[in-house]
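Student: Sequence order for the protein chains is W and L.
Those letters in the first sequence? Residues 782 to 894, by the working numbering.
Those letters in the second sequence? Residues 2 to 110, by the working numbering.
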Amino acid sequence: DAGITQSPRYKITETGRQVTLMCHQTWSHSYMFWYRQDLGHGLRLIYYSAAADITDKGEVPDGYVVSRSKTENFPLTLESATRSQTSVYFCASRTWGSGTEAFFGQGTRLTVV
Amino acid sequence: TQLLEQSPQFLSIQEGENLTVYCNSSSVFSSLQWYRQEPGEGPVLLVTVVTGGEVKKLKRLTFQFGDARKDSSLHITAAQPGDTGLYLCAPQGAQKLVFGQGTRLTINP
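1. Under the rule that 16 or more other beta-carbon atoms within 10 Å means buried, what is L/Leu89, buried or exposed?
2. State the CB to CB distance for the pair W/Val847 and W/Ser830, rounded to an integer number of angstroms; the pair is presumed to be in contact (CB under 8 Å).
3. Could you pull the start and end residues of the beta strand (DSSP E) that W/His805 belongs to?
4. Please report the distance separating the alpha-carbon of L/Gln7 from that of W/Gln866.
5. Under a CB-based cut-off of 7 Å, is L/Gly103 close to chain W?
6. Report yes if the CB atom of W/Val894 is closer than 7 Å to the CB atom of W/Glu795, and no otherwise.
7. Output yes if chain L places a C-beta closer than 7 Å to the C-beta of W/Glu853; else output no.
8. Where L/Cys48 and W/Pro842 are concerned, what is the direct C-alpha to C-alpha distance, given to the nearest angstrom?
9. So, for W/Ala873: in the same chain, excluding its five sequence neighbours on each side, which residues have a beta-carbon less than 6 Å away from its beta-carbon?
10. Using the Cα positions of W/Asp837 and L/Arg61, report the straight-line distance between them to the nearest angstrom.
11. I want to see whether chain L comes within less than 7 Å of W/Gly880, judged by CB atoms only; does it?
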């Protein structure tokens with residue numbers, strides 16, 4: 782299916798465990814982004830990528846790791862999950878150029894217990 | 002780092018009323034986007050404004066970009082329950098896509 786998909790949709794994990802959230806887009810968009818959204822709040826940028834093998838920190842990168850070996854995939858890893866990382870995570874992509882539309886996945890609801 | 006402020010943070014009004022929400026910054030933007038996020042969904046683009054003073058209409062929604070390109074407003078006429086959601090502004094011009102904290106709008110029937 783065309784579009785941007787995130788997996789899993791829901792995840793419960795224990796404190797200290799490593800967790801990887803997946804994001805896949807079929808448009809070959811240059812840019813991909815990871816956000817977290819805490820209850821009742823807006824979106825905060827964790828990491829972004831301008832192209833394969835190019836990643837950069839956003840507003841709240843601590844505790845997260847990303848990679849982008851292929852244009853279509855942008856996984857987000859929590860190396861040692863903490864309760865403060867309980868949140869809804871959104872992935873987005875857009876093509877190159879200022880003012881282009883960003884397309885978002887459906888989100889992954891992560892609970893760290 | 003540019004500081005984006007959206008106001009109000011929360012707004013709850015009755016169906017049929019008019020409202021305006023704001024997005025302000027001390028920085029100049031090359032362009033600015035408004036997104037709406039409905040509960041349980043990812044944000045969806047509503048509009049991109051590019052030129053200072055520009056006004057764009059999307060049915061009952063009117064978007065304005067400030068003359069100095071530092072601020073924007075969204076006016077909704079005769080609000081409907083379907084307008085309920087989180088309204089987010091995002092300046093363009095940089096590689097990264099950063100949002101304001103949003104205005105959470107609730108339209109009560």
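Even glycine gets a Cβ: it sits at the ideal position worked out from N, Cα and C.
Tutor: Taking the geometry as given:
1. L/Leu89 should be labelled buried.
2. Indeed they touch by this definition, with Cβ atoms about 7 Å apart.
3. First-last of the beta strand (DSSP E) with W/His805: Val800 to Gln806.
4. When rounded, the distance between both Cα atoms is 25 Å.
5. Yes, L/Gly103 counts as interfacial toward chain W.
6. In this structure, W/Glu795 lies closer than 7 Å to W/Val894 by Cβ.
7. For W/Glu853, the answer is no, since every Cβ of chain L falls outside 7 Å of its Cβ.
8. According to the sequence displayed, residue 48 of chain L carries Val and not Cys. Going from the Cα of L/Val48 to the Cα of W/Pro842 covers about 29 Å.
9. Only Phe814, Ala883 and Phe885 meet the Cβ criterion.
10. Rounded to the nearest angstrom, the two C-alpha atoms are 38 Å apart.
11. Chain L, which has a Cβ nearer than 7 Å to the Cβ of W/Gly880, makes this yes.
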